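In my numbering, the protein residues as written are 1397 to 1590.
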Ligand SMILES: [Fe+2]
């Protein structure tokens, strides 16, 4: 399957990132799309298999890039999709889910913000079927920190490239603006599809 960039349109209703920050970020996302097509093309050639080596090898480079780029595609698509506009409020069915595992919706939110501050790459609210609970997980890179089986529900990009152009080192304001711009309808759809 060839990877094709999804079309995310910038909206002036979105106040978490400005147009310049959005467009720069979109170019990075497109880079992962292109790399996945390149990697799948290399894998289809079935070459370098005999030289595979865990210290250094061409094949190791492809394998390291494969999950890095694929998660880069997936996580960016979840992130851009779940950015909404101001004054979204979650429905009771959503807040109940999160309150179940965190004590209250507000406590879930406090943990999500803390996880964002603790992350170098991503914070992901995901469903973990192994323990039947929702978890805010911290990823230091696209491929570092994920649970082997988990379903993303809400995704926030905490790489510096996601906010530095607009917010410089003020990551707290970026996180707070994101929390006010969550598209809770998308979150609800993801919860209902579990
Ligand atoms: Fe990003």
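For every residue, glycine included, the Cβ atom is placed at its ideal position computed from N, Cα and C. These numbers were taken from a predicted model, which means no experiment stands behind them.
- Sequence-distant partners of residue 1579 (beyond 5 residues in either direction) whose C-beta falls short of 7 Å from its own C-beta, in its chain, are 1478, 1479, 1480 and 1484.
- In the pairwise beta carbon analysis, the stretch 1488-1505 is classified as not touching the stretch 1561-1569: fewer than three pairs are separated by under 8 Å.
- With fewer than 16 other CB atoms across the displayed protein chains lying within 10 angstroms of its CB, residue 1447 is exposed.
- If you look at residue 1424, you'll find it in the alpha helix (DSSP H) that goes 1415-1440.
- Near ligand 1, meaning a beta-carbon closer than 6 Å to one of its heavy atoms, we find 1421, 1424, 1472, 1553, 1555, 1557 and 1558.
- In the DSSP assignment, residue 1503 falls within the unbroken alpha helix (DSSP H) covering 1501-1513.
- Taking C-beta separations shorter than 6 Å and ignoring five residues to either side along the sequence, the partners of residue 1431 in its chain run 1465, following chain order.
- The beta-bridge partner set that DSSP reports for residue 1410 is empty.
- The three-state secondary structure of residue 1521, taken from DSSP, is strand.
- Rounded to whole angstroms, residue 1521 and residue 1533 show a C-alpha spacing of 6 Å.
- Taking 8 Å as the cut-off, the Cβ atoms of residue 1421 and residue 1512 do not count as close.
- Taking C-alpha positions only, residue 1518 is separated from residue 1440 by approximately 30 Å.
- The three-state reading of DSSP puts residue 1490 in helix, counting H, G and I together.
- The beta carbon of residue 1433 is closer than 7 Å to those of 1398 and 1399 in its chain, skipping five residues each way along the sequence.
- Sequence-distant Cβ neighbours of residue 1536 in its own chain, meaning closer than 8 Å and more than five residues away, are 1515, 1516 and 1517.
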